[in-house]
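Numbering (UniProt numbering), first residue to last: 1 to 690.
Where is the CB? At the ideal position from N, CA and C, for every residue including glycine.
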């Protein structure tokens, strides 16, 4: 008896294939394409500009065995279903698969689902559709535009600056934002100002208040002279009058469930996750984790989305759990809708747990540390978005003596609301003693403080993603690879989790800014993103959009080719001679940063790593010096200069002192808001330093 033919389902990743095959049963076989299988060639432009920008796609090198397997399985299958991700890239993968496997793109064989759960997958297979050519066109337009820009400007940069450089639409904007911020920091001139933060008491209760102004008007204190003038008006022995007491009830509402951008930002701020790390962990949670008796289950909805929409089923499930776990008073009757960013696509829901009943604690034993922390963040944020606001009683008090006013603000939480679940950025209670107008309070101490205005902070990954999103540049899937690219090209470097441009980055930015102004024009790039969205919606023709962008750009390329002069990046002298040939050593820039090299290269190929000593003798061997090193992933650590003879390493910076308890070496740990010297064994810690 011949074996019954099975339906073939093609997805992108093996883990996703394993999860889905379990749900569909024996009549289905699920295999992975391992991402894209066709793309533009790397060796040439691959776009026929004179023939309506016709792309020349080829099978990706190294995918031959995968394609052979897909064709073999497709031939013996009863029907082939294409179940790649539910976005532009996923639709393009399905389209390429249909071409390679000889499928009719109009056939209803495309299956999409927002979450990998049994019900979602089974329901999706009840209503397959044909491939959405508008989605494919939008992806193709972006891919071709990026190829036209990259393969036109990059050779110019190789020729005029240095080999291995690249330029692209979104990465150029990101680099430009970082450099503009750096220029603001360089141009910044600090201004002096003062504050008077004083302590008062009402009866036995003490409280803090700050100088506000005189005569009922706010007054700035620009220098110490202005401070002394105010202090002379005050008699420390006399009482202050309470002239105003305002009590209010304040409500603080929860944020909506995560979009891709807000997840990347929050994970960076609260978990210290890099953007790529966030997306990698989210991908794993989406594709499926083995959670014991249930087997492999997709734990969150699709993680590339700019929508804050939540399905009615998910809202109901959350409401039931909130009623059971916390009480009816914590469940929002009408949860607030998040404001959709301009140009946002509403194809998917916000990022949420596929089932809120799978709590983080229930899953902790099945998840890696990173997976657990991210799932906990997603679960908590979603639950909070369906809960009532936090309610606080606030009190604003004005106290006065000789026409000099101080103000004190207090608050006390009356009802936790959503903060019972999601405690991020929860303010601490600051209660003031009971006061009424006409009461008297006494001054305990006046504390004048000098301050200087600070320059704007450099961009963190979270801030940069937020800036790109607010300016309408890029889309959820582009942020992580964009930040990766500008670092790999060494256009920027991360110092203390903040982006700092390199000399190379500034040179590239200057060239693009002068010769390709549209690429770094935020409004122009944002408008192009809108046009790509219109292609996706079937409102614009992709060839027309590409042509409108490329024709003026190609003229700029011709002008740049003629006018850009070769940039000489002068080598910095290292200050010592080559130990091989005696010529001066210089500082060179490589793929992983700066290093020492002989100035006679290529005749002499002597190189040395640049090491930074921290002034501490190795606590293990007592001979070598502790130096800064970097891991393959770019993370800073500390090791002995005598490696491999001495294998001492530490992620935290040794301080050159011993623990008074166990006599181990002490290290300096970075904590929120400062640093702290601690013993690695947990036997000793000093007061944190801000």
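- In the assembly as shown, residue 576 is an exposed residue. Its beta-carbon has fewer than 16 other beta-carbons within 10 Å.
- Where residue 501 is concerned, the enclosing beta strand (DSSP E) starts and stops at 498-501.
- Each of 171, 15, 293 and 161 was checked against the Cα of residue 474, and the nearest Cα belongs to 171.
- The C-beta distance from residue 299 to residue 549 rounds to 40 Å, too long to fall under 8 Å, and the pair is not in contact.
- When the beta-carbon positions are compared, residue 75 and residue 564 stay at least 7 Å from each other.
- When the beta-carbon positions are compared, residue 259 and residue 330 stay at least 7 Å from each other.
- When DSSP states are grouped into helix, strand and coil, residue 127 belongs to the coil group.
- Residue pairing by DSSP places residue 638 opposite 628 and 650 in a beta bridge.
- Closest by C-alpha distance to residue 55, out of 63, 45 and 64, is 45.
- Between residue 28 and residue 9, the C-beta spacing is below 7 Å.
- In this structure, the beta-carbon distance from residue 304 to residue 477 falls below 7 Å.
- Between the segment 243-261 and the segment 345-365 there are three or more C-beta pairs closer than 8 Å, enough to call the two in contact.
- Here residue 273 is buried, its C-beta having at least 16 other C-beta atoms within 10 Å.
- With respect to the C-alpha of residue 181, the residue from 653, 500 and 568 having the closest C-alpha is 500.
- In the structure shown, the three-state DSSP call for residue 677 is strand.
- Contact annotation, residue 165 with residue 152: C-beta distance approximately 13 Å; criterion of less than 8 Å not satisfied.
- Across the structure, residue 547 and residue 522 are spaced so that their CA atoms are roughly 20 Å apart.
- In the DSSP secondary-structure assignment, residue 584 is bridged to 577.
- When C-alpha distances from residue 93 are compared across 65, 131 and 437, the shortest belongs to 131.
- Under the three-state reduction of DSSP output, residue 117 falls in the coil class, being neither helix nor strand.
- Taking 7 Å as the cut-off, the Cβ atoms of residue 15 and residue 287 count as close.
- When C-alpha distances from residue 324 are compared across 105, 356 and 596, the shortest belongs to 356.
- A direct Cα-Cα distance of roughly 48 Å separates residue 617 from residue 520.
- Between the C-alpha atoms of residue 376 and residue 296 there is a straight-line separation of about 18 Å.
- In the displayed model, residue 28 falls within a strand according to three-state DSSP.
- Remark: three or more beta-carbon pairs, one from each stretch, lie closer than 8 Å, so the segment 66-74 and the segment 94-114 are flagged as touching.
- DSSP, read as helix, strand or coil, puts residue 601 in coil.
- DSSP places residue 97 inside the alpha helix (DSSP H), whose first and last residues are 88-100.
- When C-beta atoms of the segment 107-114 are compared with those of the segment 82-96, three or more pairs fall below 8 Å, so the two segments count as touching.
- A straight line joining the alpha-carbon of residue 597 with that of residue 498 spans about 28 Å.
- Here residue 193 is near residue 451, since their CB atoms are less than 7 Å apart.
- By the CB criterion at 7 Å, residue 614 and residue 626 fall inside the cutoff.
- A distance below 8 Å between beta-carbons, with the five flanking residues on each side excluded, links residue 41 to the following residues of its chain, in chain order: 56 and 58.
- Using a C-beta cut-off of 8 Å, the segment 221-238 makes contact with the segment 401-411, since at least three inter-stretch Cβ pairs fall below that distance.
- Taking 7 Å as the cut-off, the Cβ atoms of residue 460 and residue 422 do not count as close.
- Setting aside the 5 residues that flank it on each side, residue 362 has no residue in the same chain whose C-beta is closer than 8 Å to its C-beta.
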